[in-house]
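Asker: Convert by adding 1118 to the 1-based position in the sequence shown; the result is the number in the working numbering. We put the CB at the ideal spot given by N, CA and C, even for glycine. My questions all concern the structure below.
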Amino acid sequence: MRYFPSGPIYEYRWKLLELALAHVKADAGEFRLEPYAEEVTQNRGMLLLQSGAIDVIALGTNDERESRMRPIKIDILRGIVGFRLFVIRAADQGRIAQMDERSLRKQLTFGLNSQWADLPIMRANGFSVITSSTYENLFEMLSAARFDAFPRGLNEARRELDERKQIYPKLAIEQSKALYFPYPIYFWVHKDNVALAKTIERGLQLSLADGSFRKLFESYHAIEIATIRKEKRQVILLDNPVLPAGTAKPETSWWWPDAASRR
């Protein structure tokens, strides 16, 4: 069963799929998960899913994706990707700490991948964004002061910086601010593959019911959960205009117990 995307920051997603399929082994049969061998963009990955070269994708949702692929509508990351920290140049800590919400929109330029579903969310909420077609190039652009901040999911930012600290020693996590917008991440299969979608959905439901889904989530995000509970950040709540109608808001209580009081 070939999947996309792959790499260290996506490992949890595929461990969860493995867990879900293990719960329905009688239906799923024997399987082996393996990453798609080539490095491709998200748009290319979706085309490969439609052609049958990839079997399962794990990405955020929008109307276009739901028209082209079949989502299993269980948020596998419990909204944590929508809680965005800023990767910045460490020298800008003081400057950004003094900004209010209006200043962030007027004075900062953010960098994002041109194919990511959060790009229109940031722009719709009044943020200035420049883009790159490649993920890795965004770190180089930030380091070279092409933009001011790279918003990354709570579960992504520190891990990504740790992996690149030798290459970009002057980058850091901004300490005072965060953004949050509802941004569920789903498993997706070919539009016509109803059987696989139902199998994955049943496996996820069973792993939710017996607590193994939550246990896996907490084991992969223990540092982030501990951090958010002790940090005092200004969290700026954003609208997500690209959510398809009727999309359930992410359930964040596993990692952000006081979220309800902020909305």
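Taking just the CA atoms, how far does residue 1350 sit from residue 1176?
Answerer: Counted from its first residue, the sequence shown places residue 1176 at position 58. Counted from its first residue, the sequence shown places residue 1350 at position 232. About 31 Å.
Asker: List the endpoints of the continuous beta strand (DSSP E) containing residue 1201.
Answerer: The count along the sequence shown starts at 1 and reaches residue 1201 at position 83. Residues 1201–1207.
Asker: Could you please give the first and the last residue of the uninterrupted alpha helix (DSSP H) stretch that includes residue 1259?
Answerer: Here residue 1259 refers to the residue found at position 141 when the sequence shown is read from its first residue. Taken as a continuous stretch (DSSP letters only), the alpha helix (DSSP H) holding residue 1259 covers 1253–1261.
Asker: Suppose you measure from the CA of residue 1378 to the CA of residue 1174; what does that come to, to the nearest Å?
Answerer: On the sequence shown, position 260 is the one that residue 1378 refers to. On the sequence shown, position 56 is the one that residue 1174 refers to. With a pLDDT of 48 at residue 1378, under the threshold of 50, the modelled position of this residue cannot be trusted, and the question is left open.
Asker: With DSSP run on the structure shown, which of helix, strand or coil describes residue 1145?
Answerer: Translated into the one-based positions of the sequence shown, residue 1145 becomes position 27. In the structure shown, residue 1145 sits in a helix (DSSP, three-state: H, G or I).
Asker: Going by alpha carbons, who is nearest to residue 1288 out of 1345, 1210, 1312 and 1373?
Answerer: Start at 1 with the first residue of the sequence shown, and residue 1288 comes out as number 170. Of 1345, 1210, 1312 and 1373, the residue nearest in Cα terms is 1210.
Asker: Can you look up residue 1365 in the DSSP assignment and give me helix, strand or coil?
Answerer: What you label residue 1365 is simply residue 247 of the sequence shown in a count that begins at 1. The answer is coil: DSSP assigns residue 1365 none of H, G, I, E or B.
Asker: Going by the beta-carbon positions, is the gap between residue 1121 and residue 1273 smaller than 9 Å?
Answerer: Taking the first residue of the sequence shown as 1, we reach residue 1121 at position 3. Taking the first residue of the sequence shown as 1, we reach residue 1273 at position 155. No, they are not a contact pair.
Asker: Between residue 1275 and the rest of its own chain, which residues show a CB-CB distance below 7 Å, the 5 nearest in sequence each way excluded?
Answerer: If you number the sequence shown from 1, residue 1275 lands on position 157. Result list for residue 1275: 1203, 1205 and 1291, in chain order.
Asker: Considering Cα atoms alone, identify which of 1207, 1143 and 1305 is closest to residue 1259.
Answerer: Translated into positions along the sequence shown, residue 1259 becomes position 141. Minimum Cα distance to residue 1259 is reached at 1207.
Asker: What three-state label does DSSP hand residue 1303 in the structure shown?
Answerer: Here residue 1303 corresponds to residue number 185 of the sequence shown, with the count starting at 1. Correct three-state label for residue 1303: strand.
Asker: Under three-state DSSP, which class holds residue 1117?
Answerer: The structure shown does not extend to residue 1117, since the chain spans only 1119 to 1381, so no value can be given for it.
Asker: What's the call for residue 1199, buried or exposed, on a 16-neighbour Cβ count within 10 Å?
Answerer: Counted from its first residue, the sequence shown places residue 1199 at position 81. When all chains shown are included, residue 1199 counts as buried.
Asker: Cutting at 7 Å between CB atoms, please list the residues of its own chain near residue 1330, excluding the five before and the five after it.
Answerer: On the sequence shown, residue 1330 is found 212 positions in, with the first residue counted as 1. These residues qualify, in order along the chain: 1137.
Asker: If you follow the alpha helix (DSSP H) that residue 1340 is part of, which residue opens it and which one closes it?
Answerer: By one-based count along the sequence shown, residue 1340 stands at place 222. Residue 1340 -> alpha helix (DSSP H) spans 1340–1348.
Asker: Can you round the beta-carbon distance between residue 1308 and residue 1151 to whole angstroms, since I take them to be within the 8 Å contact cut?
Answerer: As a working note, residue 1308 is residue 190 in the sequence shown. As a working note, residue 1151 is residue 33 in the sequence shown. Not really, about 16 Å apart at Cβ, beyond 8 Å.
Asker: Select from 1221, 1320 and 1263 the residue whose C-alpha is nearest the C-alpha of residue 1245.
Answerer: Translated into the one-based positions of the sequence shown, residue 1245 becomes position 127. For residue 1245, the nearest C-alpha among the options comes from 1221.
Asker: Provide the residue span of the alpha helix (DSSP H) that contains residue 1214, from first to last.
Answerer: What you label residue 1214 is simply residue 96 of the sequence shown in a count that begins at 1. Element bounds for residue 1214: 1211–1215.
Asker: To the nearest angstrom, how far is the alpha carbon of residue 1227 from that of residue 1267?
Answerer: Here residue 1227 is taken as the residue at index 109 of the sequence shown, counted from 1. Here residue 1267 is taken as the residue at index 149 of the sequence shown, counted from 1. Looking at the two C-alpha atoms, the distance is approximately 7 Å.
Asker: Alpha carbon to alpha carbon, what distance is there between residue 1298 and residue 1375?
Answerer: For the purposes of this step, residue 1375 is taken as the residue at position 257 of the sequence shown. For the purposes of this step, residue 1298 is taken as the residue at position 180 of the sequence shown. The alpha-carbon atoms of residue 1375 and residue 1298 are separated by roughly 14 Å.
Asker: Would you grab the beta carbon distance between residue 1165 and residue 1334 for me? Rounded to a whole angstrom, and I think it's under 8 Å.
Answerer: By 1-based counting over the sequence shown, the position of residue 1165 is 47. By 1-based counting over the sequence shown, the position of residue 1334 is 216. So it is not a contact: roughly 30 Å between Cβ atoms.
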